[in-house]
Structure formats: C-alpha cells, structure tokens
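Worksheet: the structure to be examined is printed underneath.
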Amino acid sequence: MSKDNAIELRGVTKRFDEVTAVAEFNVEIRKGEFFSLLGPSGCGKTTTLRMIAGLEQPTEGSILLEGADVSATPAFRRNVNTVFQDYALFPHMTVKKNIYFPLKMKKVPLGEAEPRIDRVLRLVNMEGFGGRLPQQLSGGQRQRIALARSLVNEPAALLLDEPLGALDFKLRVAMQKVLKDIQRDVGITFIYVTHDQSEAMTMSDRIAVMKDGFTHQIGTPDEIYNSPATAFVASFIGDMNFLRGALVESGTGGCLVEVAGRKVRASRPAGLKPGEAALVCIRTERVLVNPSREIANTVAARLERIVYRGTDYEATCTFDGAEVRAIVQAVAWNPNLQVGDTVQVAWSDADVIVFPASEEKDVIKYSVEAL
Amino acid sequence: MARRVSSPREFLKGVPITVWMLALVVVPLAFTFVMSFYTSSGLMIDQTLSLANYKLFFTDPLYSRILFKSMRLALAISVLSIGAAFPLAYLVSFKIQRGRNLLFMLCIIPLWVSYLVRIIAWRTILGNRGVINSALLALGIIREPITVFLYNQFAIAITLTYICIPFVFIPVYTALEKIPRNLIDASNDLGANEVRTFVNVILPLALPGLVTGFIFSFIIALGDYIIPLQLGGTEGIMFGNLVWSQFGFAFNWPFGAALGFILFIIAVVILGVTARFGTTEGGFLGE
Numbered sequence: 032m033s034k035d036n037a038i039e040l041r042g043v044t045k046r047f048d049e050v051t052a053v054a055e056f057n058v059e060i061r062k063g064e065f066f067s068l069l070g071p072s073g074c075g076k077t078t079t080l081r082m083i084a085g086l087e088q089p090t091e092g093s094i095l096l097e098g099a100d101v102s103a104t105p106a107f108r109r110n111v112n113t114v115f116q117d118y119a120l121f122p123h124m125t126v127k128k129n130i131y132f133p134l135k136m137k138k139v140p141l142g143e144a145e146p147r148i149d150r151v152l153r154l155v156n157m158e159g160f161g162g163r164l165p166q167q168l169s170g171g172q173r174q175r176i177a178l179a180r181s182l183v184n185e186p187a188a189l190l191l192d193e194p195l196g197a198l199d200f201k202l203r204v205a206m207q208k209v210l211k212d213i214q215r216d217v218g219i220t221f222i223y224v225t226h227d228q229s230e231a232m233t234m235s236d237r238i239a240v241m242k243d244g245f246t247h248q249i250g251t252p253d254e255i256y257n258s259p260a261t262a263f264v265a266s267f268i269g270d271m272n273f274l275r276g277a278l279v280e281s282g283t284g285g286c287l288v289e290v291a292g293r294k295v296r297a298s299r300p301a302g303l304k305p306g307e308a309a310l311v312c313i314r315t316e317r318v319l320v321n322p323s324r325e326i327a328n329t330v331a332a333r334l335e336r337i338v339y340r341g342t343d344y345e346a347t348c349t350f351d352g353a354e355v356r357a358i359v360q361a362v363a364w365n366p367n368l369q370v371g372d373t374v375q376v377a378w379s380d381a382d383v384i385v386f387p388a389s390e391e392k393d394v395i396k397y398s399v400e401a402l
Numbered sequence: 035m036a037r038r039v040s041s042p043r044e045f046l047k048g049v050p051i052t053v054w055m056l057a058l059v060v061v062p063l064a065f066t067f068v069m070s071f072y073t074s075s076g077l078m079i080d081q082t083l084s085l086a087n088y089k090l091f092f093t094d095p096l097y098s099r100i101l102f103k104s105m106r107l108a109l110a111i112s113v114l115s116i117g118a119a120f121p122l123a124y125l126v127s128f129k130i131q132r133g134r135n136l137l138f139m140l141c142i143i144p145l146w147v148s149y150l151v152r153i154i155a156w157r158t159i160l161g162n163r164g165v166i167n168s169a170l171l172a173l174g175i176i177r178e179p180i181t182v183f184l185y186n187q188f189a190i191a192i193t194l195t196y197i198c199i200p201f202v203f204i205p206v207y208t209a210l211e212k213i214p215r216n217l218i219d220a221s222n223d224l225g226a227n228e229v230r231t232f233v234n235v236i237l238p239l240a241l242p243g244l245v246t247g248f249i250f251s252f253i254i255a256l257g258d259y260i261i262p263l264q265l266g267g268t269e270g271i272m273f274g275n276l277v278w279s280q281f282g283f284a285f286n287w288p289f290g291a292a293l294g295f296i297l298f299i300i301a302v303v304i305l306g307v308t309a310r311f312g313t314t315e316g317g318f319l320g321e
C-alpha cells in the first residue's frame with residue numbers, strides 16, 4: 032500500500048516545550064498528488080512541512096518517504112526539496128550557481144549539470160537569466176528560480192511554504208497557474224502550505240485543514256467545501272451563515288432544528304440529541320431571495336442591507352433576531368428591492384449542515400459584525 | 035538620472051561633517067605632508083623643501099627592513115586575530131541560543147579596559163615572575179624562570195592579537211548575524227551537510243566582515259608603538275617606534291613626518307585593495 036504513497040505521516044506530533052505545534056497527524060499522500068496544508072497562522076502547517084523536510088524532528092510518530100521511514104534521516108539526505116517563503120536564494124551566487132547548488136552537493140560535474148539546469152530554467156520560463164544575481168530579479172522571478180532550484184534534483188516531493196505569500200494579488204493568481212502547470216508537467220508530488228483558502232481550493236487535489244496543531248479535515252476541495260467536518264472548517268473556507276438553534280429531532284433522513292422560532296430542515300443527520308443547542312450553517316450563495324419555486328426552508332425576513340460587489344449583491348436579511356446573508360449574482364438581482372422590504376429567503380435542506388453549539392468558539396468570522 | 039542641485043538646507047547638513055573631516059583629518063595630514071619635505075638641523079627646522087627625508091628612507095636599508103618586519107608581524111597578528119575571533123563569532127552567532135547577548139558582551143568587554151592596563155596585565159602574565167613562569171615552576175617543568183615569553187616579537191604578537199580580537203570579532207559577528215537563517219535551512223534542504231553549508235554559504239557571506247576585521251587588525255598592529263616599547267625589548271623596534279622616536283628624543287620632526295606619511299600611504303593602499311572584497315556583490319570567491 033505504501034508503495035504508491037509519496038509521503039506518509041503516522042501519528043506525527045511536535046511539541047515545543049509545553050506547546051503542541053502539531054498533534055497526531057496521520058495522512059497518506061499519493062504520488063503526483065497536489066496536497067495542501069491549509070490553516071490560519073500558528074496552526075502547525077509550516078512545522079509539519081519542516082518535519083517532512085527534516086528541518087525539524089517530530090517529538091512522536093514517524094514519517095515515511097516512498098515507503099521508507101526517514102524519521103531519523105537528516106534533511107540533507109532526504110529526497111525532498113523545499114521552496115521557502117522568502118525564496119532563500121543564495122545572494123552571493125548567480126541564478127545558474129543557485130540551481131547548480133543541489134547538483135554540486137550530489138557531486139554532479141558542471142558539464143553534466145548544465146543541460147539539466149537549462150531544462151528547469153526553460154520549465155519556469157526563465158531562460159537567459161542564468162547569469163543574473165538574485166537581487167537583480169523581481170519577486171516573481173526569484174520565486175520561479177527558487178522553484179527551479181528545488182526541481183532540478185527531481186525530488187520525490189516538492190514542499191512549498193507559502194511560496195506566493197510575498198507576491199501581489201495579480202501575480203499570485205498568475206503564479207498559481209504556473210505552479211499547477213509545472214506540477215502537471217513534471218508529475219512530482221507537491222505539498223503546499225498556505226493560509227489562503229481560495230489558493231488551496233483552486234490548486235489542490237486534497238486539502239488538510241488545520242487549527243492549533245489539530246487536523247480538522249482531510250479531503251478534496253469539494254468535500255471540504257460542501258461537507259465540512261467541523262464548524263471551523265465550515266467557517267474557514269468560503270462564506271457561511273451561522274445560526275444558533277436547538278435540535279428538535281434527528282433521524283437517518285435528516286434533522287429538524289428550531290431557529291428563532293422557525294423550523295429549519297436539514298437532509299443530513301446531526302450527531303445531537305433533541306433539545307441540545309445546535310449551530311446551523313448555510314452557505315451564503317445557497318440562500319435564495321424571493322425564489323420562484325417551492326423550497327423546503329423558506330422564511331419571511333426584512334431586508335436590512337444591500338451591498339453591491341461587482342459580480343454580485345450581498346443582501347443581509349433578519350427575522351426575529353436571526354441574521355442571514357444571501358449572495359445573489361448581479362444578473363439575477365431584482366433591482367426594485369430596497370432596504371426595509373420584506374422578502375422570502377429560502378435554502379434547500381441539502382444545503383444545511385448542523386454542528387453542536389460547542390463548536391461555535393472555533394468559528395472564524397469574516398463578516399462585518401466581527402470586525 | 036537628472037542632476038539635482040541640492041537645496042541650501044541639504045547643503046547645511048553637510049557642513050558639520052566637512053568641518054570635522056577638514057579639522058581632524060585633512061589639515062593635520064596636509065601639515066604632515068608639507069613637513070615631510072622640510073629638514074631638521076640641530077634644534078631648528080629648515081623650511082626649504084627637499085626630498086632628503088624620503089631619500090634617506092629609501093637609501094638606508096635599516097628603515098625598509100624595519101618596515102618589512104613590522105608588516106610581517108602585523109600580518110601574523112591579523113591572521114592570529116581572525117583565527118581566534120572567527121570561530122568565536124561563529125559559535126556565538128550560530129551555535130548558542132541562550133545567553134548570546136551576554137557572550138557578545140564578554141567578547142567585547144576588553145574594549146572598556148584601559149589599553150595600558152591590558153598591556154601591563156600581559157607583562158605580569160609573560161614576565162619572569164609572571165603567571166606562566168610561576169605555573170611552570172610550580173609544576174616542576176622548569177627550575178628557574180624562563181625569559182622567552184617577554185621582550186621579543188612573540189610578546190608583541192600575543193599582546194597585539196589580544197588587543198585586536200574584539201576589532202575582528204565585531205565586524206565578523208555582524209556579518210554572520212546578517213546571514214538569513216533560512217539560507218542555512220535551504221542549503222541543508224538542498225543536500226549540503228553542516229561542513230559544506232559552512233564552506234559554500236556561511237564563509238562567502240561572512241567574507242566582507244572578515245575583510246573588515248583584517249583591515250582593522252592589520253592597521254592597528256602596523257601603527258602601534260606602545261606595545262613594542264613595553265613588551266618588545268631590543269628586537270621589538272617596530273615602524274611605529276621609529277616614527278614616535280623622531281618626534282621624541284631624536285627631535286627630527288620632518289623625518290618623522292615622512293615616515294608617518296609612508297605608513298599612511300601603506301594603510302590607504304591596503305584599504306583600497308581590500309575594500310573591493312568588502313562588498314557583498316556576488317561571485318567574489320570565483321566559484
């Protein structure tokens with residue numbers, strides 16, 4: 032089984048003095064997979080990456096690289112390479128010497144190395160830059176050289192530590208594409224650390240969502256987005272409405288929760304007993320305003336605020352103290368609606384996820400009232 | 035770029051440093067330079083310009099021999115100082131986590147002790163009844179005090195090395211501290227063990243600091259005359275003593291000025307040659 036895995040973490044734990052940075056991390060990462068470690072700062076994602084690289088030693092557990100336990104192997108003997116957050120190019124070496132460095136360490140003669148250096152320079156679209164010094168390059172160019180330097184050895188896995196963090200938005204989006212293309216071309220396993228959920232969503236085959244050292248969920252972007260395992264995952268990825276309520280009944284066919292005096296139906300069961308406090312989650316873009324068809328959950332609400340955001344409108348609606356935000360595509364928006372109007376807000380029972388109320392403390396709020 | 039004319043305010047900012055440089059560096063040097071062309075006759079200074087002093091320096095082999103000896107000793111002292119200060123700076127900067135600031139202070143604390151006190155301290159260490167001799171006597175290795183430690187070039191070298199170590203330590207430590215630690219991680223990650231990381235990454239990046247430290251120690255050692263006087267004995271006459279004695283009992287200020295100016299030119303040449311290597315622009319090691 033482990034032959035097909037590029038990397039396997041078994042119960043990997045890292046403690047710094049009394050602080051647990053990573054707790055009991057278990058995962059099998061397949062060859063050629065684009066795997067992201069996603070979480071807010073301090074969640075342990077970079078520590079996990081550094082343990083795979085060999086730059087930190089796990090306190091407990093073992094790390095397997097292509098089926099072989101490398102827990103005790105020092106970083107310089109591990110067949111993985113890292114792209115560091117601020118590139119870590121050697122300032123006293125030209126681009127070519129930087130890329131030659133890992134080959135030189137493997138005692139590859141320069142003549143033999145040259146075609147390989149040229150190939151990775153072509154791969155990152157930086158031919159002709161071999162003679163430059165790192166300080167003569169822009170951020171995006173340095174990024175690509177760091178990538179080339181890490182790829183030239185054809186490692187079993189490439190570890191990327193927030194590689195696009197220092198770039199501006201447009202360049203970041205462009206580099207995401209470049210990275211994804213390169214990963215497809217070379218077929219190397221990528222382990223990608225980021226705190227940017229959209230970056231993780233667009234690029235990854237699978238994502239591990241972390242918080243405070245714990246892995247909350249490992250899954251495909253679709254699973255993470257549509258079936259979050261915890262309220263934290265639900266809040267960290269995408270835009271979510273959170274409503275407080277109490278469970279009325281739960282069965283295999285779904286559950287019923289009372290929110291602000293209204294009954295909300297969910298098609299998925301909740302791990303709660305009747306009467307227990309619940310946290311109801313609904314994606315903002317799944318909330319419909321004045322739907323044309325019959326929908327399981329429909330409530331009358333007052334339109335409190337309308338925000339035009341270019342491609343869409345954000346409509347904030349309240350009913351009996353509960354607040355629901357709806358994201359409506361600009362083309363589908365009824366321009367006659369005004370603040371103070373009574374509207375029907377609706378969402379399908381398939382779009383409702385119910386968590387125990389105790390998870391509310393983990394919810395990360397990006398909405399206006401949290402600021 | 036377009037040439038800009040500085041505003042009067044900008045101009046005023048430059049005045050203090052210009053006055054400072056003129057009063058403390060340029061004017062005294064100019065006086066020395068002019069005086070080096072005078073001659074001394076008895077207790078009078080003859081102000082007619084001549085090259086007699088420089089002619090004396092280049093014709094009498096005594097002077098160039100002493101200059102050569104001084105340069106050789108200064109070179110040895112610089113190498114010894116770097117040999118002592120570099121490992122120390124490397125340890126403090128890279129290997130010590132706790133108490134680093136304390137260690138840094140301990141390394142530079144000799145600078146707060148008077149220069150003369152430190153020289154006298156070394157005399158008591160190296161002297162006939164000094165620490166080394168007493169220890170050797172107590173251990174029964176020798177029967178009577180040995181005199182090889184004091185009043186020779188060895189004594190000058192060891193004391194000046196001691197004086198120079200903080201002046202090498204500070205620029206080397208600063209250069210090492212400026213090396214981003216993720217370069218060490220990157221080097222490790224790309225297949226270099228600790229030794230190869232040191233040779234390929236740390237050493238080339240610390241080179242500017244090493245060059246600065248070398249310049250400091252070489253110039254301090256070349257110009258010093260008090261340590262040779264105090265610890266050098268008869269074989270310890272250095273170029274600095276020569277200059278000093280012309281202004282002292284020899285009372286030949288013009289010749290002293292000429293010797294001083296020669297020393298100054300040597301220092302300028304060394305600075306000029308080594309300053310090229312002091313920059314961080316890449317590729318200076320050839321590889």
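In the order they appear, the protein sequences are chains G and X. If you use the numbering used here, the first sequence closes out at 402, no skipped numbers anywhere. If you use the numbering used here, the second sequence closes out at 321, no skipped numbers anywhere. The beta carbon of each residue, even a glycine, is placed where N, CA and C say it ideally should be.
Query - Under the three-state DSSP convention, the category G/Arg336 falls into - result: For this step, residue 336 of chain G is matched to residue 305 along the first sequence. Assignment of G/Arg336 by DSSP, reduced to helix, strand and coil, places it in the strand class.
Query - Spatial neighbours of G/Pro71 in its chain, beta-carbon cut-off 8 Å, leaving aside the 5 residues before and after - result: In the first sequence, residue 71 of chain G corresponds to position 40, counting from 1. Cβ within range, chain order: His226, Lys242, Phe267, Ile395.
**Report entry** Coarse secondary structure for G/Lys304, derived from DSSP in three states
**Finding:** Here residue 304 of chain G refers to the residue found at position 273 when the first sequence is read from its first residue. Taken through DSSP and simplified to helix, strand or coil, G/Lys304 comes out as coil.
Query raised in the report: Does the beta carbon of G/Lys137 sit closer than 8 Å to a beta carbon anywhere in chain X?
Result: Looking up residue 137 of chain G in the first sequence gives position 106. Cβ-Cβ to chain X under 8 Å: yes for G/Lys137.
Query raised in the report: Anyone know if the C-beta pair for G/Thr251 and G/Arg237 falls short of 8 Å?
Result: Residue 251 of chain G sits at position 220 when you count from the first residue of the first sequence. Residue 237 of chain G sits at position 206 when you count from the first residue of the first sequence. In contact: G/Thr251 and G/Arg237 (Cβ atoms closer than 8 Å).
Report task. Throw me the rounded Cβ distance for the G/Thr78 and G/Glu87 pair, which I believe falls under 8 Å. Result -> For this step, residue 78 of chain G is matched to residue 47 along the first sequence. For this step, residue 87 of chain G is matched to residue 56 along the first sequence. Between G/Thr78 and G/Glu87, the beta carbon gap of about 6 Å places them in contact (Cβ cut-off 8 Å).
Query - Per-residue DSSP class, three states only, for X/Met69 - result: Stepping through the second sequence from its first residue, residue 69 of chain X is reached at position 35. Helix at X/Met69.
Query raised in the report: Closest to G/Ala361 by CA distance: which of G/Glu345, G/Gly196, G/Ala54, G/Ile176 is it?
Result: In the first sequence, residue 361 of chain G corresponds to position 330, counting from 1. Measuring from the Cα of G/Ala361, the nearest candidate turns out to be G/Glu345.
Requested in this report: Could I get the ranges of all uninterrupted beta strand (DSSP E) runs contained in the segment 342 to 383 of chain G, with 3 residues as the minimum, in chain order?
Outcome: Taking only runs of at least 3 residues, the beta strand (DSSP E) segments lying wholly in the segment 342 to 383 of chain G are 343 to 350, 353 to 360, 373 to 378.
**Report entry** Rounded C-alpha distance that separates X/Pro214 from G/Cys74
**Finding:** Position 180 of the second sequence holds residue 214 of chain X. Position 43 of the first sequence holds residue 74 of chain G. About 24 Å.
Requested in this report: Compile a chain-ordered list of the residues in the segment 220 to 254 of chain X whose CB is closer than 9 Å to at least one CB of chain G.
Outcome: Taking 9 Å as the Cβ-Cβ cut-off against chain G, the residues of the segment 220 to 254 of chain X that qualify are Ala220, Ser221, Asn222, Asp223, Leu224, Gly225, Ala226, Asn227, Glu228, Arg230, Thr231, Asn234, Val235, Pro238, Leu239, Leu241.
Query - For X/Gly257, the first and last residue of its enclosing alpha helix (DSSP H) - result: Here the question's residue 257 of chain X lines up with position 223 in the second sequence. Counting along the chain, the alpha helix (DSSP H) containing X/Gly257 begins and ends at 237 to 257.
Query - Alpha-carbon to alpha-carbon, G/Leu278 and G/Met157 - result: For the purposes of this step, residue 157 of chain G is identified with residue 126 of the first sequence, where counting begins at 1. For the purposes of this step, residue 278 of chain G is identified with residue 247 of the first sequence, where counting begins at 1. The alpha-carbon separation between G/Met157 and G/Leu278 amounts to approximately 59 Å.
Requested in this report: Starting from the Cα of G/Gly282, find the closest Cα among G/Val183, G/Gln172, G/Val385 and give me that residue.
Outcome: Within the first sequence, residue 282 of chain G is the residue found at index 251, counting from 1. The shortest CA-to-CA distance from G/Gly282 to any of G/Val183, G/Gln172, G/Val385 is the one to G/Val385.
Requested in this report: Could you say if the segment 161 to 175 of chain X and the segment 136 to 152 of chain X meet the contact criterion of at least three C-beta pairs nearer than 8 Å?
Outcome: Short answer: they don't touch.
Query raised in the report: Going by beta carbon distance, what residues of the same chain come within less than 8 Å of G/Asp216, once the five residues before and after it are set aside?
Result: Within the first sequence, the letter at position 185 stands for residue 216 of chain G. The beta carbon of G/Asp216 lies closer than 8 Å to those of Leu154 in the same chain, with the five residues before and after it left out.
Query - CB contact below 8 Å: X/Leu101 versus chain G - result: Here residue 101 of chain X refers to the residue found at position 67 of the second sequence. Not closer than 8 Å to any Cβ of chain G, the Cβ of X/Leu101 fails to qualify, so no.
Requested in this report: Using a threshold of 8 Å, state whether the C-beta atoms of X/Asp258 and X/Gly274 are closer than that.
Outcome: Start at 1 with the first residue of the second sequence, and residue 258 of chain X comes out as number 224. Start at 1 with the first residue of the second sequence, and residue 274 of chain X comes out as number 240. At a Cβ-Cβ threshold of 8 Å, X/Asp258 and X/Gly274 count as neighbours.
Query - Three-way DSSP call (helix, strand, coil) for G/Glu59 in this model - result: Position 28 of the first sequence, counting from 1, holds the residue named residue 59 of chain G. In the structure shown, G/Glu59 sits in a strand (DSSP, three-state: E or B).
Query - G/Asp100 Cβ short of 7 Å to the ligand FAD heavy atom set - result: As for the ligand FAD, it is missing from this structure, which has no ligand bound.
Report task. Quick one: list the residues of chain X neighbouring G/Pro133, beta-carbon separation under 7 Å, in chain order. Result -> Residue 133 of chain G sits at position 102 when you count from the first residue of the first sequence. Simply Leu224, Gly225.
**Report entry** Residue nearest to G/Leu120 in terms of C-alpha spacing, selected from G/Pro89, G/Gly85, G/Ala177, G/Arg275
**Finding:** For the purposes of this step, residue 120 of chain G is taken as the residue at position 89 of the first sequence. Measuring from the Cα of G/Leu120, the nearest candidate turns out to be G/Ala177.
Query - 8 Å Cβ cutoff met for X/Arg152 and X/Pro144 - result: What you label residue 152 of chain X is simply residue 118 of the second sequence in a count that begins at 1. What you label residue 144 of chain X is simply residue 110 of the second sequence in a count that begins at 1. Taking 8 Å as the cut-off, the beta carbon of X/Arg152 is found closer than this to the beta carbon of X/Pro144.
Query - Interface flag, G/His247 vs chain X, CB-CB below 8 Å - result: Residue mapping note: residue 247 of chain G aligns to position 216 of the first sequence, counting from 1. No, no contact with chain X.
Report task. Output the distance between the C-alpha atoms of X/Leu77 and X/Leu63, rounded to the nearest integer angstrom. Result -> Counted from its first residue, the second sequence places residue 77 of chain X at position 43. Counted from its first residue, the second sequence places residue 63 of chain X at position 29. Cα-Cα distance, rounded: 23 Å.
Query raised in the report: chain G partners of X/Leu210, CB-CB under 9 Å?
Result: Along the second sequence, read from residue 1 onward, the residue named residue 210 of chain X stands at position 176. Here the premise fails: no neighbours, minimum Cβ distance about 14 Å.
Query raised in the report: For X/Asn216 and chain G, any beta-carbon pair shorter than 8 Å?
Result: Residue mapping note: residue 216 of chain X aligns to position 182 of the second sequence, counting from 1. Closer than 8 Å: yes.
Report task. Note down, in chain order, every chain X residue with its Cβ under 7 Å from the Cβ of G/Asp117. Result -> Within the first sequence, numbered from 1, the residue matching residue 117 of chain G stands at position 86. Chain X residues near G/Asp117: Asn216.
Query - Minimum C-alpha distance to G/Leu95 - residue among G/Tyr131, G/Tyr118, G/Asn57 - result: Here residue 95 of chain G is taken as the residue at index 64 of the first sequence, counted from 1. Between G/Leu95 and the set G/Tyr131, G/Tyr118, G/Asn57, the nearest pair of CA atoms involves G/Asn57.
Query raised in the report: With which residues is X/Met78 paired in a DSSP beta bridge?
Result: As a first step, residue 78 of chain X is located in the second sequence; it is residue number 44 there, counting from the start. Beta-bridge pairing by DSSP links X/Met78 to X/Ser75.
Query - is_contact[G/Ala54, chain X] using C-beta, thresh 8 Å - result: The residue labelled residue 54 of chain G in the question sits at position 23 within the first sequence. No, because no Cβ of chain X sits closer than 8 Å to the Cβ of G/Ala54.
Query raised in the report: Any contact of the segment 114 to 128 of chain X with the segment 202 to 213 of chain X, i.e. 3+ C-beta pairs under 8 Å?
Result: When C-beta atoms of the segment 114 to 128 of chain X are compared with those of the segment 202 to 213 of chain X, three or more pairs fall below 8 Å, so the two segments count as touching.
**Report entry** Test: G/Asn112 CB closer than 8 Å to a CB of chain X
**Finding:** As a working mapping, residue 112 of chain G is identified with position 81 in the first sequence. It does: the Cβ of G/Asn112 has a partner Cβ on chain X nearer than 8 Å.
Query - Below-8 Å beta-carbon distance, G/Leu287 vs any chain X residue - result: Translated into the one-based positions of the first sequence, residue 287 of chain G becomes position 256. With 8 Å as the cut-off, G/Leu287 does not count as an interface residue toward chain X.
Query raised in the report: In chain order, what residues of the same chain have a beta carbon less than 7 Å from the beta carbon of G/Arg336, not counting five sequence neighbours either side?
Result: The sequence position of residue 336 of chain G within the first sequence is 305, counting from 1. Once the five neighbours on either side are set aside, the close Cβ partners of G/Arg336 are Thr347, Val370.
**Report entry** Classification of X/Trp54 by the beta-carbon crowding that lies within 10 angstroms, buried from 16 upward
**Finding:** Position 20 of the second sequence, counting from 1, holds the residue named residue 54 of chain X. Note on X/Trp54: under 16 other CB atoms within 10 angstroms of its CB, so exposed under the neighbour-count rule.
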